[in-house]
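Protein chains: 2
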Amino acid sequence: MQKIRIGIVGYGNLGKGVEYSIRQNPDMELVAVFTRRSPESVQASVPVISLDEVEQYQDRIDVMLLCGGSATDLPIQGPAMAKLFNIVDSFDTHARIPEYFEEVNQQAEGNGHVAVISTGWDPGLFSLSRLLFEAVLPEGNAYTFWGKGVSQGHSDAIRRVPGVKNGVQYTIPSTEAVERVRNGENPELTTREKHLRECFVVAEEGADLKEIEKTIVNMPNYFADYDTVVNFINEEELKANHSGIPHGGLVLHSGVTGEGTTQVMEFGLNLGSNPEFTSSVLVAYARAVHRLSQRGERGARTVFDIPFGLLSPKSAEQLRAELL
Amino acid sequence: MQKIRIGIVGYGNLGKGVEYSIRQNPDMELVAVFTRRSPESVQASVPVISLDEVEQYQDRIDVMLLCGGSATDLPIQGPAMAKLFNIVDSFDTHARIPEYFEEVNQQAEGNGHVAVISTGWDPGLFSLSRLLFEAVLPEGNAYTFWGKGVSQGHSDAIRRVPGVKNGVQYTIPSTEAVERVRNGENPELTTREKHLRECFVVAEEGADLKEIEKTIVNMPNYFADYDTVVNFINEEELKANHSGIPHGGLVLHSGVTGEGTTQVMEFGLNLGSNPEFTSSVLVAYARAVHRLSQRGERGARTVFDIPFGLLSPKSAEQLRAELL
C-alpha cells in the first residue's frame, strides 16, 4: 500500500509533534518540513525546505499540515496552501472561523483540494462533543472547563509585569463547579466560580513581591475576574517543575429526558503535552483528508463534516467487527 | 419547513423514550406506533397500528425507528423494515453485528433506503469514542467501564434463583481501577478488578437467605468472576428505591506521544434512564438518516459513517459559528 505523504509547514512545538505522531502511524510518511526560517538553521528528521520553494512539492505531498499560529501565520498560509495542497490546520480564533472557512474554501474548492480547518481539541474534539451532546439532549446545558493546564497568553501577561523575570500560569477548573454540573444541578456559574488561576513567578533580584502579586491579581481581562494564587519560586524550580506544556479540560452536558430524568454526558482530556496531542489529532484528520481527496471531493470541511470512520487506518468492515 | 415524519416499531421502554424525545425536537413529528400486540390494548399519544399494516405507511413515514430487542425482534424486523423504510435501530449483539449489517444493507441498498444500525450508547457513542481515541493515540490502551447501572440480564438471573421473589442487580465500575487508568498507569485489569456487582434481593417468606446469597455469588458467567454484594430488602424498599433504570459508564484511553508523554482521553455517561437516553440517540440519528436519504444515498451505515453535523438541526454555517 502506498503511504500517505505528509508535509509540515512551520516547525515549532506543533510541527515537532506532527513529526513524532507520523512515526506512530505506519500508513503515513513525512516527506519534508517547510519553514520561513533559513532551512540550514533547522534540524529535523527529514529535509528542511524554504517555504518559498513549496510550490515545487505539489506532486510529492498528499496532505500538508499547517503548524503555524492563528494570529498571523494561518490567516495567510491557510488560503495560500489550500491553493496548492490538501491541508489540515488548527486555526483556533473562534470568532473568526466563519470568514477563515470561506477564504480557505474558495482556494480549496477552486483548485480541487480538500481542507480541514480548526481541528485539534478546542476547536476540534471539544467542538464535536458540544455538538453531539446538544443534538442528543436538546433540553440541557453545556459547560466547558479548561485545565489543569498552561495558558500561554496568561503566562506571557505575567512575564510583562515589572520585576518579573519568568513565570508560568495554570488554568484550573473548580472541582466544586465540576461536581455540581456532574450532579445534574444545572448551576449558573460565574467566571470566578468556573476556574482558578495559579501563577509560578520568578522575580528579579530586589523586586517588590507584594507589588508584583497585586499587579497580577488585579490585571484586567487576564486575572481580575478570577481567584488567582501567586507563588514565588526560583528559576531552577521553574525549569524543573514547570517546563512541560500540560493541558486538558472537560465538556459537560446536563440534560433532561422523559418526565424530568437527568442525563449527564462528559468528554475529558488530561494531556501531558498540549502541542503533541493537538498534532496527533491533526495527523488523524490528515488521513481523512487524503481519503476524501481520493474520492474526488473538494473544498473546506470542519470536524463536523468528517465521519469518524475516515480517521482510522482500519477498513469499515474491521471497524464494525472490532470497535462497534 | 416540512417536519421529519417518524414511526416507531415496538412500544416498550425504548419506544416510549422515542415518543418523549420527539417532543424535544421541533423539526420532527411522530406519525404512528406499530405493534405486534392488539393495537387497542396499547395507549400512545399517536395512532397505534398493527404491524401487519405497516406497508401501507410507506408514503407517510420518513424514518422508522425500530425499538424491539436484539435477541429475537431485530434480526427479523431490521431487514424487513429496511425493505420498506429508512430505519434506525439499536441492535446490540456485538458479535453478530457484521452479519446483521450485511442483511440490512442488502434490503436497504436494494430498495433505495438508508439504515443506521447499532446506534445508542454501547454500541453507539461508546464505539465512536473507542474509534476516535485509538485513531488519535495509536500507541495506547483502551478501557470500557459500565455502570453504575442496572443490568437486565443479571437482574433476570437473580430472579431465577430458588427462594427469590424479586431482585435488581447493579454493575459498578471499580473506583480504584478507573483512577489507575486516569493516572496513566496502563494497568492490566482482571474482570474482578474492573467491576463490582451489587444485588438487592427480595426473598420469599421463610427462604434460606444464606443459601440464596451463596447461589448468587457463585453463579457461573454472571457472578462467579466478580466481587458480589447481596443485600436483602423488602418489596416496598425495592419499589421505592430500585425501580429506575439508571446506567452509564466510561470509555478511557491512555496513550503515549512524543518521547513518553502520557495523554488520557475519556468519555463518560451518567444516565438517569438507560432507555430514554438510548432513544434520544436514535432520534438524533433519524435526522441524519433522513438527510442522507434526501441526498439520494442508500444502504446500511453505522455511527462510524455519519458526520456529527448531520445529527444537529442547525445548518453547517450555524454550527461553525456557534459550536466550533
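Note that the protein sequences, when read in sequence, are chains X and V.
Residue numbers for the first sequence follow our numbering, beginning at 279 and rising by one.
Residue numbers for the second sequence follow our numbering, beginning at 279 and rising by one.
Glycine included, C-beta positions come from ideal geometry on N, C-alpha and C.
Keep in mind it's a predicted model, so treat the numbers as computed, not measured.
The residues Phe411 and His531, in chain order, have a CB closer than 6 Å to that of methionine 543 of chain X in the same chain once the five nearest residues on each side in sequence are set aside. Within chain X, the C-beta atoms nearer than 7 Å to that of glycine 550 of chain V come from Thr539, Thr540 and Gln541, in chain order.
A direct Cα-Cα distance of roughly 29 Å separates arginine 438 of chain V from serine 557 of chain V. By the 16-neighbour rule on beta-carbons within 10 angstroms, leucine 487 of chain X is exposed.
Between serine 368 of chain V and the set V/Phe379, V/Thr397 and V/Ala386, the nearest pair of CA atoms involves V/Thr397.
When secondary structure is reduced to three states using DSSP, valine 495 of chain X falls in the helix class. One thing to note: glycine 550 of chain X has its Cβ no nearer than 8 Å to the Cβ of threonine 468 of chain V.
For glutamate 600 of chain V, the enclosing alpha helix (DSSP H) stretches over residues 594-600. Contacts with chain X at 8 Å (Cβ-Cβ) include valine 414 of chain V. Scanning chain X for C-beta atoms nearer than 8 Å to the C-beta of histidine 372 of chain V yields Leu602, reported in chain order.
Taking a contact to require three or more Cβ pairs closer than 8 Å, the segment 406-421 of chain X and the segment 565-574 of chain X do not qualify as touching.
In the DSSP assignment, alanine 481 of chain V forms a beta bridge with V/Val442. Judged by DSSP secondary structure, aspartate 330 of chain V falls outside any alpha helix (DSSP H); it is assigned neither H nor E. In terms of Cβ geometry, valine 309 of chain X and arginine 338 of chain X form a close pair [threshold 8 Å]. In the structure shown, asparagine 419 of chain V adopts extended strand secondary structure according to DSSP, grouped into three states.
Within chain X, no residue has its CB atom less than 8 Å from the CB of alanine 502 of chain V, the nearest being about 28 Å off.
Going by beta carbons, leucine 343 of chain V and valine 392 of chain V fall outside the 8 Å limit. Closest by C-alpha distance to threonine 453 of chain V, out of V/Ser521, V/Trp424 and V/Asp330, is V/Trp424. Considering only beta carbons, the part of the segment 580-592 of chain V lying closer than 7 Å to chain X consists of Thr580, Phe582, Asp583, Ile584, Pro585, Phe586, Gly587, Leu589 and Ser590, in chain order. Contact check for arginine 565 of chain V against leucine 602 of chain V fails: the beta carbons are separated by 8 Å or more. Ranked by Cα distance from lysine 517 of chain V, the options V/Asn444, V/Arg598 and V/Pro553 are led by V/Asn444. Of all residues in the segment 295-314 of chain X, only Gly295, Tyr298, Ser299, Gln302 and Asn303 come within less than 8 Å of chain V when Cβ atoms are compared, listed by chain position.
If you ignore the 5 residues before and after glycine 462 of chain X, its C-beta comes within less than 7 Å of the C-beta of Ser532, Thr540 and Val542, all in its own chain and listed in chain order. By the Cβ rule, the segment 376-384 of chain V counts as touching the segment 344-361 of chain V, because three or more pairs are nearer than 8 Å. If you draw a straight line from the Cα of threonine 371 of chain V to the Cα of valine 394 of chain V, it comes to about 15 Å. Rounded to whole angstroms, the separation of the alpha carbons of valine 581 of chain V and lysine 592 of chain X is 15 Å.
In the structure shown, aspartate 505 of chain X adopts extended strand secondary structure according to DSSP, grouped into three states. With fewer than 16 other Cβ atoms from the protein chains shown falling within 10 Å of its own Cβ, asparagine 499 of chain V counts as exposed. Interface annotation, arginine 569 of chain V: not in contact with chain X, CB-CB separation never under 8 Å. Leaving aside the five residues that flank alanine 435 of chain X on each side, the residues in its chain whose CB is nearer than 7 Å to its CB run, in chain order, Met497 and Tyr500.
Per the coordinates, the alpha-carbon of valine 561 of chain V lies some 11 Å from the alpha-carbon of arginine 283 of chain V.
Within the segment 362-394 of chain X, His372, Ile375, Pro376 and Phe379 place their CB atoms closer than 8 Å to a CB of chain V, listed in sequence order.
Interface with chain X (8 Å Cβ-Cβ cutoff): leucine 344 of chain V is excluded. Residue pairing of arginine 475 of chain V in beta bridges, as defined by DSSP: V/Thr449 and V/Thr506. Distance from the Cα of proline 304 of chain V is smallest, within the candidate group X/Glu417, X/Arg374 and X/Gly427, for X/Glu417. Between alanine 455 of chain X and chain V, the shortest Cβ-Cβ separation is not below 8 Å.
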